Amino acid sequence: SIYAFIRRKKLMESPLLLKIMVLSIPLPYIAIQLGWVVTELGRQPWIVWGMLRTADAASAISTLQVATTLVGFFLIYSLLGIVGYYLIIKHAKKGPEPQIA
Amino acid sequence: MDLQAIWFFLWGLLWAIFFMTSGFDFGIGTLLPFIGKTDEEKRTMIASLGPLWHGNQVWLITAGGVTFAAFPLVYAVMFSTLYSALMLVLFTLILRGVAIEFRSQQDDPRWRRIWEICIFIGSFAPALLFGVAFANIFKGIPFDADGIYHGNLLTLLNPYGLLGGVLFVMLFLQHGALWLAIKTAGTVQQRAVAVARKAWPVLVAVAVAFLAASWFATDLYANYLNYPALFLVIVLAVAGLLAARIFMAAQAWIKAWAASALTIVSCTFYGIIGLFPSLFPSSLDAAFNLTARNASSSPLTLKIMLVVVIVFVPIVLVYQIWAFKLFGDKVSASDLAHEEGAY
Numbered sequence: 019s020i021y022a023f024i025r026r027k028k029l030m031e032s033p034l035l036l037k038i039m040v041l042s043i044p045l046p047y048i049a050i051q052l053g054w055v056v057t058e059l060g061r062q063p064w065i066v067w068g069m070l071r072t073a074d075a076a077s078a079i080s081t082l083q084v085a086t087t088l089v090g091f092f093l094i095y096s097l098l099g100i101v102g103y104y105l106i107i108k109h110a111k112k113g114p115e116p117q118i119a
Numbered sequence: 013m014d015l016q017a018i019w020f021f022l023w024g025l026l027w028a029i030f031f032m033t034s035g036f037d038f039g040i041g042t043l044l045p046f047i048g049k050t051d052e053e054k055r056t057m058i059a060s061l062g063p064l065w066h067g068n069q070v071w072l073i074t075a076g077g078v079t080f081a082a083f084p085l086v087y088a089v090m091f092s093t094l095y096s097a098l099m100l101v102l103f104t105l106i107l108r109g110v111a112i113e114f115r116s117q118q119d120d121p122r123w124r125r126i127w128e129i130c131i132f133i134g135s136f137a138p139a140l141l142f143g144v145a146f147a148n149i150f151k152g153i154p155f156d157a158d159g160i161y162h163g164n165l166l167t168l169l170n171p172y173g174l175l176g177g178v179l180f181v182m183l184f185l186q187h188g189a190l191w192l193a194i195k196t197a198g199t200v201q202q203r204a205v206a207v208a209r210k211a212w213p214v215l216v217a218v219a220v221a222f223l224a225a226s227w228f229a230t231d232l233y234a235n236y237l238n239y240p241a242l243f244l245v246i247v248l249a250v251a252g253l254l255a256a257r258i259f260m261a262a263q264a265w266i267k268a269w270a271a272s273a274l275t276i277v278s279c280t281f282y283g284i285i286g287l288f289p290s291l292f293p294s295s296l297d298a299a300f301n302l303t304a305r306n307a308s309s310s311p312l313t314l315k316i317m318l319v320v321v322i323v324f325v326p327i328v329l330v331y332q333i334w335a336f337k338l339f340g341d342k343v344s345a346s347d348l349a350h351e352e353g354a355y
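Line by line, the protein sequences are chains A and B.
Going by the numbering used here, the first residue of the first sequence is number 19, and it counts up by one from there.
Going by the numbering used here, the first residue of the second sequence is number 13, and it counts up by one from there.
Okay, here's the thing in structure tokens:
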């Protein structure tokens, strides 16, 4: 980003910089996901640090029910992810909207 | 009235507002395959919801949030005992939300068909399931002193529960059809009016059956018999039903819709008042009932939240009414042609 700041006036003449920028699009997403994983795993076995253990907080619901909904979430979010990416690709291929004068 | 009682009725009020506002978009989603024959008619129907359905669903989050914050024990036991039913509601609502946005994204009949099915299921199923869930709450849910549920998804699908589900579906069908009568013109409006007229006698019959069945299946009437003045709520519900029919005949659609809204709110309060002070009664033993007394947060929490609610709920109501006014005009062909990505 320091390099980008130095080159900010000549952004369009720096193919290397532009490529790096495209490749870094997923980085914030990865950071968010990993950060979430760290907080969730980091406080185990507590669900509320020092107050309530995860095992004590879990509802008394049959494993089958939880497994079913887990599969349900997996299927629905996978489907939505695939459809979402399909639409993003479709719109990206169309290119930018023509300028309205 | 003490803090716990105030929060009990605020809890009921938020559910009532949710049913009143989301009711018409559930109704329209359910009517989508029946009233919308051509693509343009379907787009008109979806466009009649405008941006309002987003706001309508926020009342569900507030109702759930208030259950969590004011009555945490109810929240915990409710979401554990009704786990499968509520997850089903959640899944269908997720699909419906994206379906409304995705449908217009591709000009392909098959693509649009898939999302229309999702809109239909995502509107009909929650309407039915919310009715089933609330009728079962009125009746009592089989859970023990530890909040452990002794039943399964099918336990909820008893005759009284299903009757509640049908009542909700009919209430929302009328509500949605009248909304279309306000917001559209031409064939869509004609069909919506026809649906509203045909739905009305069915709704009345189901409502009467539900009131009668509640006498046998629930303890709701105990409070009413102790304080006969409360029967006013039932009178209001009946008045709303009659007014809706009268305004329909006069083709005063906005007034008819308002009458339908009154019916939905008074139907909700009919149950809420009957439940008091229980929020979540147990059908196994009245000693396990979760009430405004034994399931609430600390007085300090309730006090802080009351201040927040008194400040913010009026603000939210004002901007939602403003949004309803802004988008009050009929949907026109130019609205649909406005932009490519529009519904």
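Glycine is no exception: its CB is placed at the ideal position from the N, C-alpha and C atoms.
Note that this is a predicted model, so its numbers are computed, not measured.
Cutoff 8 Å: residue i Cβ touching any chain A Cβ
{"i": "M99 of chain B", "result": "yes"}
{"i": "L348 of chain B", "result": "no"}
{"i": "Y365 of chain B", "result": "Residue 365 of chain B is absent from the structure shown; chain B starts at 13 and stops at 355."}
{"i": "S92 of chain B", "result": "yes"}
{"i": "Q117 of chain B", "result": "yes"}
{"i": "F114 of chain B", "result": "yes"}
{"i": "I149 of chain B", "result": "no"}
{"i": "V78 of chain B", "result": "no"}
{"i": "I133 of chain B", "result": "no"}
{"i": "I160 of chain B", "result": "yes"}
Backbone secondary structure at residue i - three-state DSSP
{"i": "F155 of chain B", "result": "strand"}
{"i": "R71 of chain A", "result": "strand"}
{"i": "F356 of chain B", "result": "For residue 356 of chain B there is no data in the structure shown, the boundaries of chain B being 13 and 355."}
{"i": "T230 of chain B", "result": "coil"}
{"i": "S385 of chain B", "result": "Residue 385 of chain B falls outside the range modelled here, since chain B spans only 13 to 355, and no answer is possible."}
{"i": "T303 of chain B", "result": "strand"}
{"i": "I43 of chain A", "result": "coil"}
{"i": "I65 of chain A", "result": "strand"}
{"i": "Q332 of chain B", "result": "helix"}
{"i": "T50 of chain B", "result": "coil"}
{"i": "T196 of chain B", "result": "coil"}
{"i": "N235 of chain B", "result": "helix"}
{"i": "I322 of chain B", "result": "helix"}
{"i": "L296 of chain B", "result": "coil"}
{"i": "D14 of chain B", "result": "coil"}
{"i": "P63 of chain B", "result": "coil"}
{"i": "I79 of chain A", "result": "coil"}
{"i": "A119 of chain A", "result": "Its pLDDT being 49, under 50, A119 of chain A is placed unreliably in this model, and the value from its coordinates should be taken loosely. Three-state result, A119 of chain A: coil."}
{"i": "N148 of chain B", "result": "helix"}
{"i": "A270 of chain B", "result": "helix"}
{"i": "A139 of chain B", "result": "helix"}
Spatial distance of residue i from residue j (CA atoms)
{"i": "A97 of chain B", "j": "K37 of chain A", "result": "49 Å"}
{"i": "D158 of chain B", "j": "S294 of chain B", "result": "11 Å"}
{"i": "L61 of chain B", "j": "T74 of chain B", "result": "20 Å"}
{"i": "K195 of chain B", "j": "I20 of chain A", "result": "55 Å"}
{"i": "A119 of chain A", "j": "T56 of chain B", "result": "Unreliable placement is indicated for A119 of chain A, whose pLDDT of 49 sits below 50; the coordinate value is still reported in the next sentence. Cα to Cα, A119 of chain A sits roughly 30 Å from T56 of chain B."}
{"i": "V323 of chain B", "j": "A110 of chain A", "result": "44 Å"}
{"i": "L7 of chain B", "j": "A221 of chain B", "result": "Only positions 13 to 355 of chain B appear in the structure, and residue 7 of chain B is not among them; the question remains open."}
{"i": "C237 of chain B", "j": "L166 of chain B", "result": "This sequence places Leu at residue 237 of chain B; Cys is not what is there. For L237 of chain B and L166 of chain B, the distance between alpha carbons rounds to 32 Å."}
{"i": "F38 of chain B", "j": "L185 of chain B", "result": "8 Å"}
{"i": "T230 of chain B", "j": "S34 of chain B", "result": "26 Å"}
{"i": "K342 of chain B", "j": "G41 of chain B", "result": "18 Å"}
{"i": "I126 of chain B", "j": "K315 of chain B", "result": "48 Å"}
{"i": "T57 of chain A", "j": "V110 of chain B", "result": "29 Å"}
{"i": "G198 of chain B", "j": "W65 of chain B", "result": "23 Å"}
{"i": "F21 of chain B", "j": "P326 of chain B", "result": "16 Å"}
{"i": "V216 of chain B", "j": "L253 of chain B", "result": "7 Å"}
{"i": "I153 of chain B", "j": "L41 of chain A", "result": "54 Å"}
Beta carbon proximity, residue i to chain B, threshold 8 Å
{"i": "A119 of chain A", "result": "Reliability fails at A119 of chain A, whose pLDDT of 49 lies under 50, so the model's placement of it is uncertain and the value that follows must be treated cautiously. No, because no Cβ of chain B sits closer than 8 Å to the Cβ of A119 of chain A."}
{"i": "V101 of chain A", "result": "yes"}
{"i": "I106 of chain A", "result": "no"}
{"i": "I65 of chain A", "result": "no"}
{"i": "L98 of chain A", "result": "yes"}
{"i": "G90 of chain A", "result": "yes"}
{"i": "A85 of chain A", "result": "no"}
{"i": "A78 of chain A", "result": "yes"}
{"i": "A110 of chain A", "result": "no"}
Cross-strand partners of residue i (DSSP beta bridge)
{"i": "W212 of chain B", "result": "Partner(s): none; W212 of chain B has no beta bridge."}
{"i": "T313 of chain B", "result": "For T313 of chain B, which the question treats as bridged, DSSP gives no partner whatsoever."}
{"i": "Y161 of chain B", "result": "B:F155"}
Integer-rounded CB distance, given that residue j should sit under 8 Å from residue i
{"i": "V214 of chain B", "j": "M260 of chain B", "result": "Actually they are not in contact, since the Cβ atoms of V214 of chain B and M260 of chain B sit about 14 Å apart, beyond 8 Å."}
{"i": "L140 of chain B", "j": "G177 of chain B", "result": "4 Å"}
{"i": "T275 of chain B", "j": "A262 of chain B", "result": "Rounded, the Cβ-Cβ distance is 17 Å, inconsistent with contact."}
{"i": "F336 of chain B", "j": "G188 of chain B", "result": "The Cβ separation is near 15 Å, so there is no contact."}
{"i": "L232 of chain B", "j": "L179 of chain B", "result": "Between L179 of chain B and L232 of chain B the Cβ distance is about 14 Å, and since that is not below 8 Å, they are no contact."}
The ligand FMN heavy atom lying under 7 Å from the CB of residue i
{"i": "W65 of chain B", "result": "Ligands in the displayed structure: none, and consequently the ligand FMN is not present."}
Contacts of residue i in chain E (Cβ-Cβ under 9 Å)
{"i": "I94 of chain A", "result": "Reference to chain E is not applicable here, since the protein chains of this structure are A and B."}
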